[in-house]
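*Asks:*
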Amino acid sequence: MEANVRWVALTALAPVAWGANYYVTHRFLPPDSPLYGAALRALPAGLVLLALCRRRPRGAWWWRSAVLGLLNVSVFFVLVYAASQLLSTSIASTVMALSPLAMMLIAWALVSERPGRAHLAGAGIGLGGVCLMLLTGAGEVSVPGVLAAAAAMLVSSFGHILTKRWNTDGTEVLASTAWQLTAGGLFLLPVAALVEGPPPALPAPALLAFGYVSLVATALAFVAWFTGLRHLPAGTVGLVGLLNPVTGVLLGTAVAGEVLTVQQLCGLALVLAGVVLGRPTRAGRRGGDEGHPAEAPRRRRLSGAGQRPGAR
Numbered sequence: 221m222e223a224n225v226r227w228v229a230l231t232a233l234a235p236v237a238w239g240a241n242y243y244v245t246h247r248f249l250p251p252d253s254p255l256y257g258a259a260l261r262a263l264p265a266g267l268v269l270l271a272l273c274r275r276r277p278r279g280a281w282w283w284r285s286a287v288l289g290l291l292n293v294s295v296f297f298v299l300v301y302a303a304s305q306l307l308s309t310s311i312a313s314t315v316m317a318l319s320p321l322a323m324m325l326i327a328w329a330l331v332s333e334r335p336g337r338a339h340l341a342g343a344g345i346g347l348g349g350v351c352l353m354l355l356t357g358a359g360e361v362s363v364p365g366v367l368a369a370a371a372a373m374l375v376s377s378f379g380h381i382l383t384k385r386w387n388t389d390g391t392e393v394l395a396s397t398a399w400q401l402t403a404g405g406l407f408l409l410p411v412a413a414l415v416e417g418p419p420p421a422l423p424a425p426a427l428l429a430f431g432y433v434s435l436v437a438t439a440l441a442f443v444a445w446f447t448g449l450r451h452l453p454a455g456t457v458g459l460v461g462l463l464n465p466v467t468g469v470l471l472g473t474a475v476a477g478e479v480l481t482v483q484q485l486c487g488l489a490l491v492l493a494g495v496v497l498g499r500p501t502r503a504g505r506r507g508g509d510e511g512h513p514a515e516a517p518r519r520r521r522l523s524g525a526g527q528r529p530g531a532r
């Protein structure tokens with residue numbers, strides 16, 4: 221159980237960093253350069269991680285890195301950048317909170333992780349809290365912004381579960397994350413140059429903001445997130461992702477001057493209750509072999525090797 225708590229705490233770094241990323245992007249980065257914004261977020265992060273792991277893709281990971289780079293990086297980052305510019309911090313982050321349900325359904329189909337009752341209950345309670353925060357929040361809601369955020373949620377949910385499925389071959393999380401971030405950034409650069417022309421001029425605050433977005437909200441956050449997906453059920457990881465809107469709403473209130481209503485406070489409480497309810501338990505981990513699909517057969521072999529004939 222203590223190990224589960226540690227993995228949950230590590231995974232939580234990602235949605236907290238992403239929740240703050242909405243404010244940083246909205247406040248400091250150029251609003252008319254989503255392609256360059258996405259490229260400058262992804263490529264430096266990928267190169268830093270690549271320098272740390274010092275490994276190149278092998279075999280199937282060449283095309284896997286390309287596919288994951290398109291889903292988790294190229295398409296996702298552009299959509300998130302657009303949503304961050306069109307929506308307030310709180311609304312942009314709360315739309316993404318539909319991802320637990322999406323991840324549970326996709327994980328059921330791709331990695332045979334059937335969502336448990338606690339996960340479904342936690343997702344329902346958390347989603348109720350998100351709706352409470354979204355529907356009662358102050359400020360005008362941009363329909364294109366909501367559509368961009370919803371598309372980003374769906375694309376990332378599929379890409380993250382696909383990463384979980386493909387990471388069962390023993391590939392290091394640091395390496396696979398570096399490959400897809402680098403691939404996604406390389407895909408974006410020529411498209412940005414073709415569509416947006418020369419790179420935008422970046423003042424010092426924008427450069428510092430890109431430093432946070434690339435190193436903290438991307439390199440560190442994605443390694444933490446994919447590590448959590450390797451060791452925890454997808455349903456649990458998705459529920460931990462609800463800390464994204466919590467961070468976005470609190471930061472929007474504390475820094476951006478957005479109004480936090482009583483209804484939003486109740487919504488935050490429901491979100492936190494959903495995360496706690498869906499946390500992994502010792503019994504759930506033993507019974508379902510949910511933490512890592514490739515580990516289940518190995519654990520059964522190891523447990524059977526030490527038993528006498530007829531032992532259970």
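Per our numbering, residue 221 is the first one in the sequence shown, and the count goes up by one each step. Cβ coordinates follow ideal geometry from the N, Cα and C atoms, glycine included. This one's a predicted model, so the numbers in the text were calculated from it and none came from an experiment.
So what does DSSP say about Ala436, is it helix, strand or coil?
*Replies:* In the sequence shown, residue 436 corresponds to position 216, counting from 1. Note on residue identity: the sequence assigns Val, not Ala, to residue 436. When DSSP states are grouped into helix, strand and coil, Val436 belongs to the helix group.
*Asks:* Give every residue of the same chain whose Cβ lies closer than 7 Å to the Cβ of Ala232, excluding the five residues on either side of it in the sequence, and list them in chain order.
*Replies:* Against the sequence shown, residue 232 aligns to sequence position 12. Taken in chain order, the residues that qualify are Val460, Leu463.
*Asks:* For a test of your reading of the model: does the CB of Leu463 fall under 7 Å from any non-hydrogen atom of the ligand NAP? Yes or no.
*Replies:* Looking for the ligand NAP in the displayed structure turns up nothing, as the structure carries no ligands at all.
*Asks:* If we ignore side chains and look at the alpha-carbon of each, how far apart do Gly266 and Val433 end up?
*Replies:* Position 46 of the sequence shown, counted from the first residue, corresponds to residue 266. Position 213 of the sequence shown, counted from the first residue, corresponds to residue 433. Cα-Cα distance, rounded: 12 Å.
*Asks:* Thr391 by DSSP, collapsed to three states: which one?
*Replies:* Taking the first residue of the sequence shown as 1, we reach residue 391 at position 171. Residue state, collapsed to three classes: coil.
*Asks:* Identify, in the order they occur along the chain, each residue of the same chain with its Cβ nearer than 6 Å to the Cβ of Ser253, setting aside the five sequence neighbours on each side.
*Replies:* Locating residue 253 in the sequence shown gives position 33, where the first residue counts as 1. Glu416, Pro420.
*Asks:* Mind reading off the beta-carbon distance from Ser294 to Gly404? Whole number of angstroms is fine, and I expect it under 8 Å.
*Replies:* Start at 1 with the first residue of the sequence shown, and residue 294 comes out as number 74. Start at 1 with the first residue of the sequence shown, and residue 404 comes out as number 184. Going by Cβ atoms, the distance from Ser294 to Gly404 rounds to 4 Å, so yes, they are a contact pair.
*Asks:* Answer yes or no: do Ala437 and Asn241 have a C-beta to C-beta separation smaller than 8 Å?
*Replies:* The residue given as residue 437 occupies position 217 in the sequence shown. The residue given as residue 241 occupies position 21 in the sequence shown. Yes, these two residues count as a Cβ contact at 8 Å.
*Asks:* Under the assumption that Val268 contacts Ala439 (Cβ atoms under 8 Å), give the Cβ distance between them as a whole number of angstroms.
*Replies:* As a first step, residue 268 is located in the sequence shown; it is residue number 48 there, counting from the start. As a first step, residue 439 is located in the sequence shown; it is residue number 219 there, counting from the start. Val268 to Ala439, Cβ: 6 Å. Contact.
*Asks:* Helix or strand or just coil, what does DSSP make of Val361?
*Replies:* Start at 1 with the first residue of the sequence shown, and residue 361 comes out as number 141. In the structure shown, Val361 sits in coil (DSSP, three-state: anything other than H, G, I, E or B).
*Asks:* Got a sec? Which residues, its chain only, sit under 7 Å from Leu394 by beta carbon, not counting five neighbours each side?
*Replies:* The count along the sequence shown starts at 1 and reaches residue 394 at position 174. Around Leu394: Leu269, Leu272, Cys273, Val443.
*Asks:* Exposed or buried, what is Arg278 when buried is set at 16 or more other beta-carbons lying within 10 Å of its beta-carbon?
*Replies:* Working through the sequence shown from its first residue, we reach residue 278 at position 58. Burial call: exposed.
*Asks:* Grouping DSSP H, G and I as helix and E and B as strand, with all else coil, what is Ser285?
*Replies:* On the sequence shown, position 65 is the one that residue 285 refers to. Here Ser285 sits in helix by DSSP.
*Asks:* DSSP three-state call for Pro264: helix, strand or coil?
*Replies:* Residue numbering aside, residue 264 sits at position 44 when the sequence shown is read from its first letter. Residue state, collapsed to three classes: helix.
*Asks:* Does the beta-carbon distance from Leu325 to Thr383 come in below 8 Å?
*Replies:* Here residue 325 corresponds to residue number 105 of the sequence shown, with the count starting at 1. Here residue 383 corresponds to residue number 163 of the sequence shown, with the count starting at 1. Not closer than 8 Å, so no.
*Asks:* Can you round the beta-carbon distance between Leu255 and Val298 to whole angstroms, since I take them to be within the 8 Å contact cut?
*Replies:* For the purposes of this step, residue 255 is taken as residue 35 along the sequence shown, with counting starting at 1. For the purposes of this step, residue 298 is taken as residue 78 along the sequence shown, with counting starting at 1. The pair is a contact, with the Cβ atoms about 6 Å apart (cut-off 8 Å).
*Asks:* Assuming contact is defined by CB atoms lying nearer than 8 Å, are Ser308 and Thr245 in contact in what I supplied?
*Replies:* What you label residue 308 is simply residue 88 of the sequence shown in a count that begins at 1. What you label residue 245 is simply residue 25 of the sequence shown in a count that begins at 1. Not in contact: Ser308 and Thr245 (Cβ atoms no closer than 8 Å).
*Asks:* Using a Cβ-Cβ cut-off of 7 Å (strictly less than) and excluding sequence neighbours within five positions of Val185, which residues of its own chain qualify?
*Replies:* Residue 185 is absent from the structure shown; the chain starts at 221 and stops at 532.
*Asks:* Assuming the contact rule is C-beta atoms closer than 8 Å, Leu330 and Ile381 should be a hit. Round their C-beta distance to whole Å, please.
*Replies:* Numbered from its first residue, the sequence shown carries residue 330 at position 110. Numbered from its first residue, the sequence shown carries residue 381 at position 161. The Cβ separation is near 5 Å, so the contact holds.
*Asks:* Taking the beta carbon of Ala280 as the centre, do at least 16 other beta carbons fall within 10 Å, making it buried, or is it exposed?
*Replies:* Along the sequence shown, one-based indexing puts residue 280 at 60. When all chains shown are included, Ala280 counts as exposed.
*Asks:* Quick check: the Cα distance between His451 and Ala338, rounded to an integer number of angstroms?
*Replies:* For the purposes of this step, residue 451 is identified with residue 231 of the sequence shown, where counting begins at 1. For the purposes of this step, residue 338 is identified with residue 118 of the sequence shown, where counting begins at 1. Between His451 and Ala338, the C-alpha separation is close to 18 Å.
*Asks:* What's the C-alpha gap between Leu291 and Leu408?
*Replies:* To locate residue 291, count along the sequence shown from 1; it is residue 71. To locate residue 408, count along the sequence shown from 1; it is residue 188. Going by the C-alpha atoms only, they are around 12 Å apart.
*Asks:* With a 10 Å radius around its C-beta and 16 neighbouring C-beta atoms as the bar for buried, classify Gln483 as buried or exposed.
*Replies:* One-based indexing of the sequence shown puts residue 483 at position 263. By the 10 Å Cβ count, Gln483 comes out exposed.
*Asks:* Could you check the C-alpha separation between Gly511 and Trp238 for me, to the nearest Å?
*Replies:* Numbered from 1 along the sequence shown, position 291 holds the residue referred to as residue 511. Numbered from 1 along the sequence shown, position 18 holds the residue referred to as residue 238. With a pLDDT of 43 at Gly511, under the threshold of 50, the modelled position of this residue cannot be trusted; read the value that follows with caution. Cα to Cα, Gly511 sits roughly 23 Å from Trp238.
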